[in-house]
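Here is the structure we will look at, set down as structure tokens.
Numbering (this note's numbering), first residue to last: -15 to 255.
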């Protein structure tokens, strides 16, 4: 099956952008999937995932969370994000979260690159900037539900990876018209945020990702206590980012099983 893909501008004043994919046919009744990025942006991996959902028969849309008015938020352009990615890839696991060890590694970089890395990290994880990510996701949901001809009036699901996994759950708590939310190894929300979730939630986590997976039982119990629909899967021997086939953390067996469960979940809840 052929696909139609394009980058689009959307939202008030077309201030947002994103990557859209759908089956290449004249179909006006497509359910849609919002694909929420990792911290690396709407890179080739996220675009590939978006196309996979289109191949499964959905209109899929990856809003560019780092985008702003046709450009990028400060420090979050693709070149700066790629430099940060290379820096973090060169660190032993967990060292990037330790300021002393991170600073020691940064000291080996030329001043211009060091300043760029520090600036990108500052903006990427700034709470105010991260709040803007959910604003973009909400605008994407509204655009698919009310404006895009192929998806207007149809059901919508969201799936996110790492940072995007957390945002998928947060979107479910903010957008009460969302029909399904899927989390891939995203940090669980606080209990007080869970009460406003109105759609079924599915989560996929790696056994060897203790910083996140250790919090999942409490998250699952809180969801059940609140009477929410929650389905959790933990994959033996799988680390963080096990679904990303462009990373050394990729685990084919876990990724294949998780994607099959993802499609089944969306088939049940959005069609």
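Glycine included, C-beta positions come from ideal geometry on N, C-alpha and C. Computed from a predicted structure; not experimentally measured.
Open item on the list: For residue 105, tell me which candidate among 69, 117 and 240 has the shortest Cα-Cα distance.
Closed with: As a first step, residue 105 must be located in the chain shown, where it is residue number 121. Looking at the Cα atoms, 69 is the closest of the given residues.
- [ ] Output yes or no for whether 9 Å exceeds the beta carbon distance between residue 229 and residue 77.
- [x] Taking the first residue of the chain shown as position 1, residue 229 is located at position 245. Taking the first residue of the chain shown as position 1, residue 77 is located at position 93. No; because the gap between Cβ atoms is not below 9 Å, this pair is not in contact.
Open item on the list: Here's a check: name, in chain order, each residue in its chain whose Cβ is nearer than 7 Å to the Cβ of residue 113, leaving out the five neighbours to either side.
Closed with: Start at 1 with the first residue of the chain shown, and residue 113 comes out as number 129. The answer, listed in chain order, is 57 and 107.
Open item on the list: At the level of alpha carbons, what is the spacing between residue 165 and residue 94?
Closed with: Working through the chain shown from its first residue, we reach residue 165 at position 181. Working through the chain shown from its first residue, we reach residue 94 at position 110. Going by the C-alpha atoms only, they are around 42 Å apart.
TODO: Helix, strand or coil for residue 122, going by three-state DSSP, please let me know.
DONE: Reading the chain shown from its first residue, position 138 is the one you call residue 122. In the structure shown, residue 122 sits in a helix (DSSP, three-state: H, G or I).
TODO: With a 10 Å radius around its C-beta and 16 neighbouring C-beta atoms as the bar for buried, classify residue 12 as buried or exposed.
DONE: Here residue 12 corresponds to residue number 28 of the chain shown, with the count starting at 1. Counting Cβ neighbours within 10 Å, residue 12 comes out exposed, since fewer than 16 surround it.
TODO: Reducing DSSP to helix, strand and coil, say where residue 224 ends up.
DONE: For the purposes of this step, residue 224 is taken as residue 240 along the chain shown, with counting starting at 1. DSSP places residue 224 in coil when its eight states are reduced to three.
TODO: Could you say if the region 128 to 148 and the region 38 to 56 meet the contact criterion of at least three C-beta pairs nearer than 8 Å?
DONE: yes
- [ ] Could you please give the first and the last residue of the uninterrupted beta strand (DSSP E) stretch that includes residue 167?
- [x] Stepping through the chain shown from its first residue, residue 167 is reached at position 183. Residue 167 -> beta strand (DSSP E) spans 164 to 168.
TODO: Would you kindly check if the distance between the Cβ of residue 38 and the Cβ of residue -12 is under 9 Å?
DONE: Taking the chain shown and counting its residues from 1, one reaches residue -12 at position 4. Taking the chain shown and counting its residues from 1, one reaches residue 38 at position 54. Going by C-beta atoms, residue -12 is nearer than 9 Å to residue 38.
Task: residue -11, DSSP secondary structure in three states - done: The residue given as residue -11 occupies position 5 in the chain shown. Three-state DSSP puts residue -11 in a strand.
Task: Buried or exposed (CB count within 10 angstroms, at least 16 for buried), residue -6 - done: The count along the chain shown starts at 1 and reaches residue -6 at position 10. Residue -6 should be labelled buried.
Open item on the list: Give me the DSSP bridge partner(s) of residue 188.
Closed with: Within the chain shown, the letter at position 204 stands for residue 188. Answer is 168 and 217.
Task: For residue 147, the nearest candidate out of 192, 178, 109 and 126 (CA to CA) - done: For the purposes of this step, residue 147 is taken as the residue at position 163 of the chain shown. Of the candidates 192, 178, 109 and 126, the one whose C-alpha sits nearest the C-alpha of residue 147 is 109.
Task: Rounded C-alpha distance that separates residue 31 from residue 178 - done: Mapped onto the chain shown, residue 31 falls at position 47. Mapped onto the chain shown, residue 178 falls at position 194. The alpha-carbon atoms of residue 31 and residue 178 are separated by roughly 29 Å.
Open item on the list: Give me the residue from 99, 17, 50 and 203 with the minimum Cα distance to residue 27.
Closed with: Stepping through the chain shown from its first residue, residue 27 is reached at position 43. Closest in alpha carbon position to residue 27, among 99, 17, 50 and 203, is 50.
- [ ] Within 10 angstroms of the Cβ of residue 163, are there 16 or more other Cβ atoms? Answer buried if so, exposed if not.
- [x] For the purposes of this step, residue 163 is taken as the residue at position 179 of the chain shown. By the neighbour-count rule (16 or more Cβ atoms within 10 Å), residue 163 is buried.
- [ ] Give the straight-line distance between the Cα atoms of residue 235 and residue 224, rounded to the nearest whole angstrom.
- [x] For the purposes of this step, residue 235 is taken as residue 251 along the chain shown, with counting starting at 1. For the purposes of this step, residue 224 is taken as residue 240 along the chain shown, with counting starting at 1. So the two alpha carbons sit approximately 10 Å from each other.
Task: Close Cβ partners of residue 85 (< 7 Å) along its chain, the five nearest in sequence each way excluded - done: Within the chain shown, residue 85 is the residue found at index 101, counting from 1. Around residue 85: 79.
Task: Short Cβ contact (9 Å threshold) for residue 250 with residue 238 - done: In the chain shown, counting from the first residue as 1, residue 250 sits at position 266. In the chain shown, counting from the first residue as 1, residue 238 sits at position 254. Not closer than 9 Å, so no.
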